[in-house]
Amino acid sequence: MDGALRTGAATAVLAGVVALALTGADAGATGWAKPPAPRTERVSTTSAGGQLDGHSRQGVLSDDGRYAAFSTKAVEFGCERNVYTCLRLKDRATGEVTAVPGADGFSWAPPVISGDGRHVGFTAGTKVPVPEVYDRTTGTSVRVLPESDGEAWTGELWSLSRDGAHVAYGAGTRPRPTQRLYVRDMARGTDDLISGEADGDKEYASVSADGTRVAYQLRTAGDDSADVLVRNRTTGRTVQVDKGLGRAGLVQLGADGRQVVFTADGGTYVHDLRTGRTRHLAQTPAVSASRDGRYALIGAADGDTLTLLDLRTGSRTPVGPGDAVPGAVTARGREVAFTSAATDLVPDDTNGDSDIFVRHTR
Numbered sequence: 012m013d014g015a016l017r018t019g020a021a022t023a024v025l026a027g028v029v030a031l032a033l034t035g036a037d038a039g040a041t042g043w044a045k046p047p048a049p050r051t052e053r054v055s056t057t058s059a060g061g062q063l064d065g066h067s068r069q070g071v072l073s074d075d076g077r078y079a080a081f082s083t084k085a086v087e088f089g090c091e092r093n094v095y096t097c098l099r100l101k102d103r104a105t106g107e108v109t110a111v112p113g114a115d116g117f118s119w120a121p122p123v124i125s126g127d128g129r130h131v132g133f134t135a136g137t138k139v140p141v142p143e144v145y146d147r148t149t150g151t152s153v154r155v156l157p158e159s160d161g162e163a164w165t166g167e168l169w170s171l172s173r174d175g176a177h178v179a180y181g182a183g184t185r186p187r188p189t190q191r192l193y194v195r196d197m198a199r200g201t202d203d204l205i206s207g208e209a210d211g212d213k214e215y216a217s218v219s220a221d222g223t224r225v226a227y228q229l230r231t232a233g234d235d236s237a238d239v240l241v242r243n244r245t246t247g248r249t250v251q252v253d254k255g256l257g258r259a260g261l262v263q264l265g266a267d268g269r270q271v272v273f274t275a276d277g278g279t280y281v282h283d284l285r286t287g288r289t290r291h292l293a294q295t296p297a298v299s300a301s302r303d304g305r306y307a308l309i310g311a312a313d314g315d316t317l318t319l320l321d322l323r324t325g326s327r328t329p330v331g332p333g334d335a336v337p338g339a340v341t342a343r344g345r346e347v348a349f350t351s352a353a354t355d356l357v358p359d360d361t362n363g364d365s366d367i368f369v370r371h372t373r
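Residue 337 in our numbering sits at position 326 of the sequence shown, with consecutive numbering throughout.
Below is the structure:
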């Protein structure tokens, strides 16, 4: 990124940032008091708030923004920065940073966090990708793969339902770890096969809040080479939502399972499964969306500045220079996590590494 361009974009975003003194005016149901918005906060810090030596990326947030999970190579967390990546979970109300068991190794995919912030899904491993789910309450991680039938399974975890009870993940055998798409019922330990090997490799999936619907990106033969489909697990019906739009990429299935935000030729779209209507939202691709389906995080044409788009009103709110992953936008679009190497987003950013920031939009 060009230094002048990055600094200029960051300075524009910081306009209107207010003092960071805590107030009780925005205390939510959890009793977590937040400073007023708009402002930008660095989240990838130590429990005491100190900056990290080592880059951090792939920040995701719970629905209320209290819990943030991110990948890091910070030496303060004991990460082997020259080889592996660590996964950390931060309670932004207390500052506590927790190491996620089993998540230190090669990072094969961005982390995933449940809407309630209790569970973190990840894909890690030193040799092959292995999907696991961490439970913050019990402090344990559980591997999520089909029962072995003599094959060496590997996979990738993509999405959690709001309470973490349902997990969407890909599984297969090397060198194709996402030949099949499953939804795991964590309480029962059972798997529902959504799409098998004959359909083609899966590239991503997103599950509704209650786990009854799952959207997924399917690699296909032909000119468009990728489609986005939604499976109703109750009825067994599968619908393609990107017909006629070229190569498509899944961004997010809304919590109620009604709306799907996806990218295709021409930019970003949203499809309403109830009406069958597809709307064009922006010329540039979205990188994330809120679980309630109202907000999409759009990348700029120059690739430097993120913008939060309100799908209902069409209003756009600048977020910051950098990039983001699915799961970066909280409910109602109040907070957005993003990765940036900009040094002027917060005071005293001198570590020379990329950090995770949260933009408080209102």
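Built from N, CA and C at the ideal position, the CB exists for glycine as well.
Please read these numbers as outputs of a predicted model, since none were measured by experiment.
Buried or exposed for residue i, going by 16 or more other Cβ atoms inside 10 Å?
{"i": "Ala307", "result": "buried"}
{"i": "Ala38", "result": "At Ala38, the pLDDT of 43 sits below 50, so the modelled position is not reliable; the number obtained from the coordinates is stated separately. So Ala38 counts as exposed."}
{"i": "Asp276", "result": "exposed"}
{"i": "Ala335", "result": "buried"}
{"i": "His371", "result": "buried"}
{"i": "Gly247", "result": "exposed"}
{"i": "Arg195", "result": "buried"}
{"i": "Gln294", "result": "exposed"}
{"i": "Ser301", "result": "buried"}
{"i": "Thr341", "result": "buried"}
{"i": "Asn362", "result": "buried"}
{"i": "Thr34", "result": "The predicted position of Thr34 is uncertain, since its pLDDT is 36 and thus under 50; a value taken from the coordinates is nonetheless stated next. Classification of Thr34: exposed, given that the 10 Å Cβ count is below 16."}
{"i": "Ser217", "result": "buried"}
{"i": "Ala36", "result": "Because the pLDDT of Ala36 is 35, which lies under 50, any placement of that residue in the model is unreliable, and the question is left without a value."}
{"i": "Thr83", "result": "buried"}
{"i": "Ala80", "result": "buried"}
{"i": "Ala32", "result": "Note on Ala32: pLDDT 36, under 50, position unreliable in the model; no value is reported."}
{"i": "Arg187", "result": "exposed"}
Short of 7 Å in beta carbon distance, which residues of its chain neighbour residue i, apart from the five on each side in sequence? Order them along the chain.
{"i": "Ala40", "result": "Low local confidence applies: a pLDDT of 43 at Ala40 is under 50, so the model's placement there is unreliable, with the coordinate-based value given in what follows. No residues qualify anywhere along the chain."}
{"i": "Ser365", "result": "His66, Ser67, Arg68, Thr350, Ser351 and Ala352"}
{"i": "Asp221", "result": "Ser172"}
{"i": "Gly207", "result": "Arg191"}
{"i": "Val155", "result": "Pro142, Glu143, Val144, Leu168, Val178, Tyr180 and Arg195"}
{"i": "Val139", "result": "Thr165 and Arg185"}
{"i": "Arg323", "result": "Arg305"}
Measuring from the CB of residue i, is there a heavy atom of the ligand ZN at a distance below 7 Å?
{"i": "Arg285", "result": "Annotation note on the ligand ZN: not contained in the displayed structure, which lists no ligands."}
Between which two residues does the beta strand (DSSP E) harbouring residue i extend?
{"i": "Gly136", "result": "His130 to Gly136"}
{"i": "Thr165", "result": "Trp164 to Leu171"}
{"i": "Thr151", "result": "Thr151 to Arg154"}
{"i": "Asp196", "result": "Arg187 to Asp196"}
{"i": "Pro142", "result": "Val141 to Asp146"}
{"i": "Pro329", "result": "Arg327 to Pro332"}
{"i": "Asn243", "result": "Ala237 to Asn243"}
{"i": "Glu107", "result": "Segment: none, Glu107 is in no beta strand (DSSP E) and carries neither H nor E."}
{"i": "Gly181", "result": "His177 to Thr184"}
{"i": "Ser299", "result": "Ala297 to Ala300"}
{"i": "Phe88", "result": "Element bounds for Phe88: n/a, residue is neither H nor E."}
{"i": "Gly70", "result": "Ser67 to Leu72"}
{"i": "Thr318", "result": "Thr316 to Asp321"}
{"i": "Gly260", "result": "Gly260 to Leu264"}
{"i": "Arg77", "result": "Run containing Arg77: none; DSSP gives neither H nor E here."}
{"i": "Arg370", "result": "Asp366 to His371"}
Could you work out which residue in the options is closest to residue i when comparing CA atoms only?
{"i": "Ile205", "options": "Val330, Thr318 and Thr245", "result": "Thr245"}
{"i": "Arg285", "options": "Asn243, Arg187 and Ile124", "result": "Asn243"}
{"i": "Thr149", "options": "Val111, Val139, Gly265 and Arg185", "result": "Val111"}
{"i": "Val330", "options": "Thr324, Thr361, Gly304 and Val298", "result": "Val298"}
{"i": "Gly325", "options": "Arg302, Leu292 and Val347", "result": "Leu292"}
{"i": "Asp360", "options": "Tyr78, Thr56 and Asp146", "result": "Thr56"}
{"i": "Val86", "options": "Thr96, Arg323, Ala79 and Ala80", "result": "Thr96"}
{"i": "Lys101", "options": "Asn93, Cys90, Gly76 and Val153", "result": "Gly76"}
{"i": "Ser236", "options": "Asp253, Thr249 and Thr223", "result": "Asp253"}
{"i": "Ala59", "options": "Ala348, Thr137, Arg103 and Ser125", "result": "Arg103"}
{"i": "Gly393", "options": "Glu91, Asp174 and Thr105", "result": "Here the chain comprises residues numbered 12 to 373, so residue 393 is not present and cannot be evaluated."}
{"i": "Met197", "options": "Ala163, Thr189 and Pro157", "result": "Pro157"}
{"i": "Arg258", "options": "Phe88, Glu91, Ala232 and Gln270", "result": "Ala232"}
{"i": "Asp202", "options": "Ala209, Ser159 and Gly287", "result": "Ser159"}
Cutting at 6 Å between CB atoms, please list the residues of its own chain near residue i, excluding the five before and the five after it.
{"i": "Gln251", "result": "Asp238 and Leu240"}
{"i": "Arg53", "result": "Val357, Asp366 and Phe368"}
{"i": "Thr328", "result": "Leu319 and Thr372"}
{"i": "Pro121", "result": "Gln69 and Val336"}
{"i": "Thr437", "result": "Since the first residue of the chain shown is 12 and the last is 373, residue 437 is not available in this structure."}
{"i": "Gly278", "result": "Ala293, Gln294 and Thr295"}
{"i": "Gly106", "result": "Ser58"}
{"i": "Ile309", "result": "Ala293, Thr295, Ala297, Thr318 and Leu320"}
So residue i packs on residue j, CB below 8 Å; how close in whole Å?
{"i": "Trp169", "j": "Ala182", "result": "About 11 Å; that fails the 8 Å criterion."}
{"i": "Thr151", "j": "Val141", "result": "Not really, about 15 Å apart at Cβ, beyond 8 Å."}
{"i": "Gly304", "j": "Leu72", "result": "16 Å between Cβ atoms; not a contact."}
{"i": "Tyr227", "j": "Leu261", "result": "7 Å"}
{"i": "Gly116", "j": "Thr137", "result": "5 Å"}
Can you list, in chain order, the residues of its chain with a C-beta nearer than 8 Å to that of residue i? Leave out the 5 residues immediately preceding and following it.
{"i": "Ser219", "result": "Ser172, Val225, Leu264, Gly265, Ala266, Asp267 and Gly268"}
{"i": "Arg230", "result": "Gly211, Asp212, Lys213, Glu214, Ser236 and Ala237"}
{"i": "Tyr78", "result": "Leu72, Leu100, Lys101, Asp102, Arg103, Ile124, Gly128 and Arg147"}
{"i": "Tyr280", "result": "Asp253, Leu256, Val272, Phe273, Thr274, Thr289, Arg290, His291 and Leu292"}
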